[in-house]
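**Q** I have a structure here, written as structure tokens, and I will follow up with some questions on it.
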Amino acid sequence: MFDDIIVTGVTEAEHDRNVEEVLRKARKFNIKFNPKKLQYKQEKVKYLGLIFASDGICPDEERVRAITEIETPTCVRELQRFLGAVNFINKFIPSFSKVTSNLRILLKKTTPWKWTKLQQEAFDTLKKLVSTAPTLKTFNPKQPIQIQCDASKEGM
Numbered sequence: 001m002f003d004d005i006i007v008t009g010v011t012e013a014e015h016d017r018n019v020e021e022v023l024r025k026a027r028k029f030n031i032k033f034n035p036k037k038l039q040y041k042q043e044k045v046k047y048l049g050l051i052f053a054s055d056g057i058c059p060d061e062e063r064v065r066a067i068t069e070i071e072t073p074t075c076v077r078e079l080q081r082f083l084g085a086v087n088f089i090n091k092f093i094p095s096f097s098k099v100t101s102n103l104r105i106l107l108k109k110t111t112p113w114k115w116t117k118l119q120q121e122a123f124d125t126l127k128k129l130v131s132t133a134p135t136l137k138t139f140n141p142k143q144p145i146q147i148q149c150d151a152s153k154e155g156m
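Note that UniProt numbering has the sequence shown beginning at 1, numbered continuously upward.
Here it is in structure tokens:
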């Protein structure tokens with residue numbers, strides 16, 4: 001079962017052809033759509049907690065606000081909740097593994113809970129990175145390609 005469908009196209013004409021094809025197949029399999037939920041030819045679409053637009057993909061502002069409003073964790077469970085929320089948008093956060101390393105230390109069963117300056121700095125840095133998350137551009141094979149990678153003993 002599915003609830004939402006996004007139909008795209010590089011050009012408006014391609015988008016229209018793709019919509020026609022989706023509707024043709026839906027009709028063939030007797031799939032009905034709720035016309036009240038239809039959004040047609042949108043510049044931006046909110047989908048699965050992300051904003052998809054012609055210039056790229058970024059986290060939904062509501063999700064970002066919810067993360068940045070989380071209070072400093074006082075136990076492992078609260079830290080797990082925070083890291084789970086942030087992990088959803090980790091692809092938007094440079095050096096995510098490195099930034100979270102001082103927080104993840106507290107998740108080890110052998111590590112007693114002790115929130116120090118290191119954890120507070122990591123927590124604050126992570127919230128700042130979430131609030132300034134970049135828009136990720138979609139791949140364009142016609143543009144020059146540049147690949148960057150790094151390695152870290154602290155990251156995963």
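All C-beta atoms in this analysis are idealised placements derived from N, C-alpha and C, irrespective of residue type, glycine included.
Since we're looking at a predicted model, the values are computed, not measured.
Please go through the same chain and pick out, in chain order, the residues whose beta-carbon is closer than 8 Å to the beta-carbon of Q39, but skip the five residues on each side of it.
**A** These residues qualify, in order along the chain: V45.
**Q** Going by DSSP, name the residue or residues bridged to residue 157.
**A** Outside the shown range of the chain, which is 1 to 156, sits residue 157, and nothing can be said about it.
**Q** List the endpoints of the continuous alpha helix (DSSP H) containing K25.
**A** Start and end: E12 to K28.
**Q** Taking the Cβ atom as the reference point for each residue, do I93 and L50 lie within a distance shorter than 9 Å?
**A** No. Outside cutoff.
**Q** Could you give the residue range of the alpha helix (DSSP H) that holds S95?
**A** Where S95 is concerned, there is no enclosing alpha helix (DSSP H), given that its DSSP letter is neither H nor E.
**Q** Would a C-beta distance cut-off of 9 Å place A85 and R63 closer than the cut-off?
**A** Yes, the Cβ-Cβ distance between A85 and R63 is below 9 Å.
**Q** Tell me whether A151 is buried or exposed, calling it buried when 16 or more other Cβ atoms sit within 10 Å of its Cβ.
**A** With fewer than 16 Cβ atoms within 10 Å of its Cβ, A151 is classed as exposed.
**Q** Would you say T110 faces chain C, with C-beta separation under 9 Å as the test?
**A** The structure shown has no chain C; it contains just one protein chain.
**Q** Which whole-angstrom value is the C-beta distance of L79 and T100, which I expect to be below 8 Å?
**A** With 8 Å as the limit, L79 and T100 do not qualify as a contact, their Cβ atoms being about 10 Å apart.
**Q** Could you have a look at L38 and say whether DSSP puts it in helix, strand or coil?
**A** Residue state, collapsed to three classes: coil.
**Q** Output yes or no for whether 9 Å exceeds the beta carbon distance between D55 and T135.
**A** The answer is yes: Cβ separation under 9 Å.
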